[in-house]
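Asker:
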Amino acid sequence: MNETAAQRRIVVGVDGSVSSRAALRWAVRQATLVGATVEAVITWEYPAIYDWGVAVVDAEVAGYAGKALAEAVAQETGPQCPVEVRERVEYGNAAQVLLKVADGAELLVLGNRGHGGFAGALLGSVSQHCVQHASCPVVVVRDTGHEHAEDANGPAAGR
């Protein structure tokens, strides 16, 4: 890999949702066009149970998150992926982690909605926060169910 490609980085948030998988596909296509690497990021936080002196945590959450990310990357990029995809599992609030990881990246790519929130919302809270606070350009990808037609046309933000 040449030095320019090592410096060019596209960060994509992946939580396993349909739109985050579409965002991953979009990021890989864009990285192929511009000669960048893709940094696929999944975040996790310990689930807390209140009313106890100490929060009860599941130490395996990070492992589950990493496995979910690896499966999403393998399924969405395939064995012949044309670019390097680095998988990154981070602890913390999704929006805050993505903003931190995307600092210095040339692009942050997100699905329009993750698993949480209101099903009718056009933009999820993480995407909304990142769009408003990112230090780099942000592309929000909506899964339209037309991924094969989109593949033929290349990346298209905001579809």
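Sequential numbering from 1 applies to the sequence shown in the numbering used here.
Glycine included, every Cβ here is placed at the ideal spot set by N, Cα and C.
(1) Check for me: the alpha helix (DSSP H) holding Ala-31 runs from which residue to which?
(2) Please state the DSSP three-state secondary structure of Glu-76.
(3) Rank Ser-17, Glu-39, Val-34 and Ser-20 by C-alpha distance to the C-alpha of Asp-103 and give the top, closest one.
(4) Which residues mark the beginning and the end of the alpha helix (DSSP H) in which Ala-102 is found?
(5) For Glu-71, which of helix, strand or coil comes out of DSSP?
(6) Start and end of the beta strand (DSSP E) containing Val-83?
Answerer: On the basis of the coordinates in this document:
(1) 18-34
(2) helix
(3) Glu-39
(4) 94-102
(5) helix
(6) That residue, Val-83, is in no beta strand (DSSP E); it is neither H nor E in DSSP.
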